[in-house]
Amino acid sequence: MFKNYLKIAWRNLWRQKGFSLINIGGLAIGLTAFFLILLYVSFEMSYDNFHTKGDNIYRVVTDMQTPTDVNEIDRPSIAVPPHLEKEFEEIEKAVRVMDITLDIRRNDIKFKEPNAIAVDSAFFGVFDFELTQGDKRSVLKEPFSIVLTEEAANKYFGNGPAIGQTLKIKNEDIDDRNFTVTGIMEKMPANSHIQADILISMTTYSQGVMPEFDNLWGLYDPSAYVLLNPASDPKRLESKFPDFIERNIGEDLRSDKMSVALSLEPLKTVYLSSTRGGKISGDINLIYIFSVVALFILIIACINFINLTTARSGERAKEVGVRKVIGAGKWQLGFQFIGESVIICIIAFIFTVLLTVLVLPQFSVLAGKTIVTSVSDISGHFAVLFLIALAVGVLAGSYPAFVLSSFRPVSVLKGSFSTGNKGVSLRKVLVVAQFSISIALMVGTVVIYNQMNFMQHQELGFDKEQLVVMETDISPQLDVLKEDLKKLPGVVSTGLSSSVPGISNNSAYSIIENNMG
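Using my numbering, the first residue of the sequence shown is number 32, and each one after it goes up by one.
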C-alpha cells in the first residue's frame with residue numbers, strides 16, 4: 032500500500048509540473064534562508080563554549096566613577112590580576128591578555144604582526160587552546176618566550192623545526208631582543224573572542240624590559256581573566272574587591288572625586304552580553320533580531336506552501352469519492368494526502384541542503400567570518416531542519432487529509448460537491464498573515480538600510496580623505512620628523528597625536544576642574 036501511495040504522489044507531482052516546481056522551489060528557498068540565519072545565530076551563541084573550565088572563568092572589569100559619569104572599562108589595571116591571585120584563595124589562576132603589535136625579523140624576512148598578544152604563563156592552563164608542540168605549563172614561563180600557530184611557524188621556518196629557534200622582535204617597549212620559540216599551537220577556534228597568531232610571555236615585560244610592570248596601578252591595558260575554584264561564589268568574591276582596591280591602590284591615584292570598582296563577568300557572556308565590548312565582541316540584541324527574522328522567513332515559506340496545497344485540494348475531490356466507493360477508509364485517505372505533502376517537503380529539504388552547501392562560502396564572506404569549516408560540522412543542524420520540513424509537510428497536508436477525506440462520495444460523484452467557505456477563509460487568514468509579516472520585514476530592511484547609510488556618511492568632525500596615519504616610536508625626534516615630513520612634495524600639513532580618533536585610550540582617567548570665574 033505504501034508503494035501505491037508513493038507512486039500516486041509521484042504521478043501527481045509529475046502531472047502538475049509547474050505547481051510542483053513553484054511549491055518545492057518556494058519552500059526550498061525559504062528553508063535555505065532560514066537555515067543560513069540559524070547557522071549564523073548558532074555560531075554566535077557558541078562563542079567561548081569550548082573551554083572545559085568555562086563555567087569557572089570570569090573576566091575582570093572596572094567601573095571608574097567620576098563626578099559626571101561612570102566609565103565602564105573591559106579591563107582592570109595591569110597590577111590587579113597578579114595581586115588578586117596572591118590575595119584570594121578563591122582564585123586558582125589569573126591571566127592577563129594584552130594586545131600588541133610586533134616587528135619580527137628572521138634572517139632577511141621582516142614582518143609586522145598586528146595579531147599578537149602577551150599572556151601570563153597560566154594561559155594554556157586556563158583556556159583550552161591546543162598546543163601541538165611544547166609543555167603548556169612552561170612554554171610561556173620564561174621571559175622572551177614565544178609561541179606560534181602552525182601557520183605562523185610555517186611562515187618563518189618553512190617545513191623545518193621551529194622549537195628552539197629564535198626570532199628577533201621589537202615594538203614600542205621591546206628593543207630588538209631575541210625570542211626563543213617554545214611552543215607551536217593550533218589556530219585558535221573562530222568562535223573565540225581571544226584571537227592571536229603569536230603569543231609572547233608576559234614575563235618579558237615584568238622580568239625583562241619593565242621591572243615595575245606588575246605594579247602599574249594606573250595603566251589599564253591588558254584584559255584579565257581569573258579561574259575560580261569550583262566551590263567559590265563570584266558574588267561573594269566581588270564583595271571583597273572594594274577593600275582590595277583600598278589596600279593596594281597607590282596614594283597618587285586616590286581621589287575623592289574618582290572611585291574604582293572591580294567586578295566579574297562570566298566568560299560565556301563576554302562576547303554577546305557584555306556592555307563593555309572588547310577587541311572582538313558581538314551583540315545579543317542582533318541575535319534576537321536575526322532569530323525573529325529567521326522565524327518570519329520560515330513562517331512566510333510555510334504559509335505559501337500551505338496556501339498552494341490547500342488551493343488545489345478541491346481538484347482532488349473526485350479522486351476522494353472514487354477511492355471511498357472502492358473501500359478506502361478515512362484514515363487511509365488522510366495518510367495519503369499527508370504523505371504526499373511530506374514527500375514534497377522532503378524534496379524541498381534535499382534542495383535546501385544542496386543550496387546551503389553552494390552558498391555557504393559566499394554567506395561566510397557576507398558574515399565576515401567562517402561560520403562552518405566543513406559540512407560534517409552542521410550535520411546536527413540538518414537533522415533539525417529535516418524535522419522542521421516533516422512538521423511543515425504534516426501541517427500542510429492536514430487540510431486535504433481531514434477535510435476532503437470526510438466528503439460524502441455520492442455528492443462528489445454527482446457533481447454537487449462544494450468546498451464551502453472553510454478553505455477560502457483559511458487561505459484569507461494565511462494570506463493576510465503572510466503579507467503582514469512581509470511588510471514588517473520590508474519596513475525593517477528600510478530602517479536598517481537608512482541607519483547603515485547614516486553611519487557610513489555621517490560627518491566625523493574631520494576630513495579623513497587624503498589623511499595618512501604613521502605610527503612611530505622615535506619620541507625624542509618627533510618634532511624633527513614632523514618638519515621633515517612637511518617638506519615632502521604633496522604634504523600640505525602635519526600633526527602629532529597620542530592616538531587616532533576612534534581608537535580607545537587605556538590610560539587612567541583624569542579630573543579637570545574649571546576654576547574660571
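Where is the CB? At the ideal position from N, CA and C, for every residue including glycine.
Bear in mind that the values here come from a model prediction, so they are computed numbers and not experimental data.
Spatial distance of residue 407 from residue 413 (CA atoms): Translated into the one-based positions of the sequence shown, residue 407 becomes position 376. Translated into the one-based positions of the sequence shown, residue 413 becomes position 382. Roughly 10 Å between the two C-alpha positions.
Beta carbon of residue 293 nearer than 7 Å to that of residue 87: One-based indexing of the sequence shown puts residue 293 at position 262. One-based indexing of the sequence shown puts residue 87 at position 56. It is not a contact, given that the beta carbons lie outside the stated cut-off.
When 266, 291 and 160 are compared against residue 277, the one with the closest alpha-carbon: The residue given as residue 277 occupies position 246 in the sequence shown. When each option's Cα is compared against that of residue 277, the closest is 291.
Whole-angstrom C-beta distance between residue 471 and residue 71, which should lie under 8 Å: Reading the sequence shown from its first residue, position 40 is the one you call residue 71. Reading the sequence shown from its first residue, position 440 is the one you call residue 471. Contact doesn't hold; Cβ gap of about 20 Å is too wide.
With 16 other Cβ atoms within 10 Å as the buried cut-off, status of residue 228: As a working note, residue 228 is residue 197 in the sequence shown. Flag for residue 228 reads buried.
Under the three-state DSSP convention, the category residue 388 falls into: Working through the sequence shown from its first residue, we reach residue 388 at position 357. Residue 388: helix per DSSP, three-state reduction.
Residues bridged to residue 91 [DSSP beta-bridge criterion]: Counting from one through the sequence shown, the residue named residue 91 turns up at place 60. Answer by DSSP bridge pairing, in chain order: 255 and 295.
C-beta atoms of residue 150 and residue 128 nearer than 7 Å: Translated into positions along the sequence shown, residue 150 becomes position 119. Translated into positions along the sequence shown, residue 128 becomes position 97. Contact flag set, yes.
Under the three-state DSSP convention, the category residue 477 falls into: Taking the sequence shown and counting its residues from 1, one reaches residue 477 at position 446. In this structure, residue 477 counts as helix in the three-state DSSP scheme.
Residue 153 versus 163, 168, 141 and 145, residue with shortest Cα-Cα distance: One-based indexing of the sequence shown puts residue 153 at position 122. Out of 163, 168, 141 and 145, 168 has the C-alpha closest to the C-alpha of residue 153.
Bounding residues of the alpha helix (DSSP H) (the contiguous stretch that carries residue 180): On the sequence shown, residue 180 is found 149 positions in, with the first residue counted as 1. Here residue 180 belongs to no alpha helix (DSSP H); instead the beta strand (DSSP E) covers 176 to 180.
Anticipated Cβ contact below 8 Å, residue 109 with residue 275, distance rounded: Your numbering for residue 109 matches position 78 in the sequence shown. Your numbering for residue 275 matches position 244 in the sequence shown. Not confirmed; about 15 Å, so no contact.
Best match in 467, 199 and 203 for proximity to residue 212 [C-alpha to C-alpha]: The residue given as residue 212 occupies position 181 in the sequence shown. Taking only the C-alpha atoms, the option nearest residue 212 is 199.
Opening and closing residue of the beta strand (DSSP E) in which residue 245 lies: For the purposes of this step, residue 245 is identified with residue 214 of the sequence shown, where counting begins at 1. If you look at residue 245, you'll find it isn't in any beta strand (DSSP E); DSSP assigns it neither H nor E.
Nonlocal neighbours in the same chain, by C-beta distance under 7 Å from residue 173, ignoring five residues either side: By one-based count along the sequence shown, residue 173 stands at place 142. Taken in chain order, the residues that qualify are 232 and 234.
Selection from 429, 260, 219 and 395 that minimises the alpha carbon distance to residue 338: The residue given as residue 338 occupies position 307 in the sequence shown. By alpha-carbon distance to residue 338, the top candidate from 429, 260, 219 and 395 is 429.
Residue 103 - containing beta strand (DSSP E), residue span: Counted from its first residue, the sequence shown places residue 103 at position 72. That run of the beta strand (DSSP E) goes 101 to 104.
Exposure of residue 296, with buried meaning 16 or more beta-carbon neighbours within 10 Å: Position 265 of the sequence shown, counting from 1, holds the residue named residue 296. Buried.
Limits of the beta strand (DSSP E) - the one that residue 201 falls within: To locate residue 201, count along the sequence shown from 1; it is residue 170. Run containing residue 201: 197 to 201, per the beta strand (DSSP E) assignment.
Cβ pair count under 8 Å reaching 3, the segment 299 to 315 against the segment 57 to 65: No, the segment 299 to 315 does not touch the segment 57 to 65.
Nearest to residue 325 (by Cα), restricted to the options 62, 50 and 51: Translated into the one-based positions of the sequence shown, residue 325 becomes position 294. The residue with the shortest Cα to Cα distance from residue 325 is 62.
Exposure of residue 106, with buried meaning 16 or more beta-carbon neighbours within 10 Å: Taking the sequence shown and counting its residues from 1, one reaches residue 106 at position 75. Counting Cβ neighbours within 10 Å, residue 106 comes out buried, since at least 16 surround it.
Proximity below 7 Å, CB of residue 556 to CB of residue 145: Given a span of 32 to 548 for the chain in the structure shown, any question on residue 556 remains unanswerable.
Where the alpha helix (DSSP H) containing residue 527 begins and where it ends: The residue you call residue 527 lines up with position 496 of the sequence shown. Looking at the DSSP string, residue 527 is not in any alpha helix (DSSP H), and its letter there is neither H nor E.
When 401, 386 and 369 are compared against residue 422, the one with the closest alpha-carbon: In the sequence shown, counting from the first residue as 1, residue 422 sits at position 391. The option with the nearest alpha carbon to residue 422 is 369.
CB of residue 158 within 7 Å of CB of residue 82, strictly: Along the sequence shown, one-based indexing puts residue 158 at 127. Along the sequence shown, one-based indexing puts residue 82 at 51. Cβ distance < 7 Å, so residue 158 and residue 82 count as in contact.
Reference residue 418; option with closest CA among 373, 186 and 79: Reading the sequence shown from its first residue, position 387 is the one you call residue 418. It is 373 whose Cα lies nearest to the Cα of residue 418.
Counterpart residues of residue 144 in DSSP-defined beta bridges: Counted from its first residue, the sequence shown places residue 144 at position 113. Note: residue 144 is bridge-paired with 133 in the DSSP secondary-structure output.
Pair within 7 Å by beta-carbon distance, residue 143 and residue 134: Numbered from its first residue, the sequence shown carries residue 143 at position 112. Numbered from its first residue, the sequence shown carries residue 134 at position 103. Yes, these two residues count as a Cβ contact at 7 Å.
Which of helix, strand or coil DSSP assigns to residue 209: If you number the sequence shown from 1, residue 209 lands on position 178. In the three-state reduction of the DSSP assignment, residue 209 falls in the strand class, which pools E and B.
Same chain, Cβ closer than 6 Å to residue 517, five either side skipped, listed in chain order: Numbered from 1 along the sequence shown, position 486 holds the residue referred to as residue 517. Only 525 meet the Cβ criterion.
Span of the beta strand (DSSP E) around residue 231: The residue given as residue 231 occupies position 200 in the sequence shown. It spans 229 to 232 - the beta strand (DSSP E) in which residue 231 sits, taken as one unbroken run.
Among 289, 468, 99 and 67, the one whose alpha carbon lies nearest that of residue 415: In the sequence shown, residue 415 corresponds to position 384, counting from 1. That would be 67, whose Cα lies nearest to the Cα of residue 415.
Proximal residues to residue 546 (C-beta, below 8 Å), its chain only, five neighbours per side dropped: Mapped onto the sequence shown, residue 546 falls at position 515. Low per-residue confidence applies at residue 546: pLDDT is 46, beneath 50, and the placement is therefore not dependable, though the value from the model is reported in the following sentence. Correct list: empty, nothing qualifies.
Alpha-carbon to alpha-carbon, residue 54 and residue 46: Position 15 of the sequence shown holds residue 46. Position 23 of the sequence shown holds residue 54. For residue 46 and residue 54, the distance between alpha carbons rounds to 14 Å.
Residue environment, residue 112, which counts as buried when at least 16 other CB atoms sit within 10 Å: Stepping through the sequence shown from its first residue, residue 112 is reached at position 81. Residue 112 is buried by the Cβ-count criterion.
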